[in-house]
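Novice: Protein chains in written order, with my numbering: chain D, 14 to 126; chain C, 11 to 125.
One structure is given below, represented as structure tokens, and several questions about it will come after.
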Amino acid sequence: DQQVKQNSPSLSVQEGRISILNCDYTNSMFDYFLWYKKYPAEGPTFLISISSIKDKNEDGRFTVFLNKSAKHLSLHIVPSQPGDSAVYFCAASGMDSNYQLIWGAGTKLIIKP
Amino acid sequence: DVKVTQSSRYLVKRTGEKVFLECVQDMDHENMFWYRQDPGLGLRLIYFSYDVKMKEKGDIPEGYSVSREKKERFSLILESASTNQTSMYLCASSLEPGLRNEKLFFGSGTQLSVL
Numbered sequence: 014d015q016q017v018k019q020n021s022p023s024l025s026v027q028e029g030r031i032s033i034l035n036c037d038y039t040n041s042m043f044d045y046f047l048w049y050k051k052y053p054a055e056g057p058t059f060l061i062s063i064s065s066i067k068d069k070n071e072d073g074r075f076t077v078f079l080n081k082s083a084k085h086l087s088l089h090i091v092p093s094q095p096g097d098s099a100v101y102f103c104a105a106s107g108m109d110s111n112y113q114l115i116w117g118a119g120t121k122l123i124i125k126p
Numbered sequence: 011d012v013k014v015t016q017s018s019r020y021l022v023k024r025t026g027e028k029v030f031l032e033c034v035q036d037m038d039h040e041n042m043f044w045y046r047q048d049p050g051l052g053l054r055l056i057y058f059s060y061d062v063k064m065k066e067k068g069d070i071p072e073g074y075s076v077s078r079e080k081k082e083r084f085s086l087i088l089e090s091a092s093t094n095q096t097s098m099y100l101c102a103s104s105l106e107p108g109l110r111n112e113k114l115f116f117g118s119g120t121q122l123s124v125l
């Protein structure tokens, strides 16, 4: 059973608008969450992270929100740009996973011009 | 910039063959990892290593082994390839000491097809 779920396989957003990517997790022992971005023919690259002691972390156009009670996190991209078109993976870790990352299946984001 | 290099971008092998996937990193990272990525399943950890000659099983080690003779090189070995090992294989490294290794640097991946 997947402990980290990204329920939207794909998402299409108009350039300039906000992209919101969602991620749910089941293990309450997870205490660190990350988003990675992957272009075709490249490996994933680290984008942004958040510790469970925070509920928001911002880095330029990217903001991650964490709702611990709902076991839900989201990545907001504002404004969306064509170069943001990629697959976005959510990942989580904690003591239960021996601090190894548990990954979601990914969401393919398509930014329309 | 950290560079993680995987020796092959595409590889086609036959069932039963022994397969070596090589990975080299140039930033003196302690930790190295092998993942496989399959559609709808995300990334799954096969093996990892915190030090030379040291290895730990990940979530799906069956059918695989690894070798880390030098700090910069981490090899994944499929002793007898099977069709269910057809996948994208990703190598990664990380700098953080100790247990928390979440910020990973990935290679470009090797798409392995086993016929």
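The C-beta atom is built at its ideal place from N, Cα and C for all residues, glycine as well.
Nothing here was measured: the structure is a model prediction, and the numbers come from that model.
How would you label A83/D, buried or exposed, when you count the other beta carbons within 10 angstroms and need 16 or more for buried?
Specialist: Counting Cβ neighbours within 10 Å, A83/D comes out exposed, since fewer than 16 surround it.
Novice: If you drop the 5 nearest sequence neighbours on each side, which residues of the same chain put their C-beta closer than 8 Å to that of K63/C?
Specialist: Excluding residues within five positions, the ones whose Cβ falls inside 8 Å are R78, E79.
Novice: Taking the Cβ atom as the reference point for each residue, do S118/C and G56/D lie within a distance shorter than 8 Å?
Specialist: Yes, the pair counts as a contact, with Cβ atoms nearer than the cut-off.
Novice: Using a Cβ-Cβ cut-off of 6 Å (strictly less than) and excluding sequence neighbours within five positions of G26/C, which residues of its own chain qualify?
Specialist: If we look at G26/C and ignore the five residues flanking it on each side, its Cβ neighbours are S90.
Novice: Give me the chain D residues within the contact set of K113/C, using Cβ-Cβ distance strictly less than 8 Å, ordered along the chain.
Specialist: In chain order: L47, F59, S62.
Novice: Is the number of C-beta pairs between the stretch 81-101 of chain C and the stretch 26-45 of chain C that are closer than 8 Å three or more?
Specialist: Yes: the two stretches touch, three or more of their Cβ pairs being nearer than 8 Å.
Novice: In chain D, which residues lie with their C-beta within 7 Å of the C-beta of S118/C?
Specialist: Neighbours of S118/C on chain D, chain order: A54, E55, G56.
Novice: Would you call S98/D buried or exposed, if buried means 16 or more other Cβ atoms sit within 10 Å of its Cβ?
Specialist: Buried.
Novice: On the CB-based measure, 16 or more other CB atoms within 10 Å of its CB, does L86/C come out buried or exposed?
Specialist: Buried, because 16 or more other Cβ atoms sit within 10 Å of the Cβ of L86/C.
Novice: Within 8 Å of any Cβ in chain D, is that where the Cβ of L55/C sits?
Specialist: So yes, L55/C belongs to the interface.
Novice: Measuring alpha carbon to alpha carbon, tell me which of I124/D, F102/D, T76/D ends up nearest L114/C.
Specialist: The option with the nearest alpha carbon to L114/C is F102/D.
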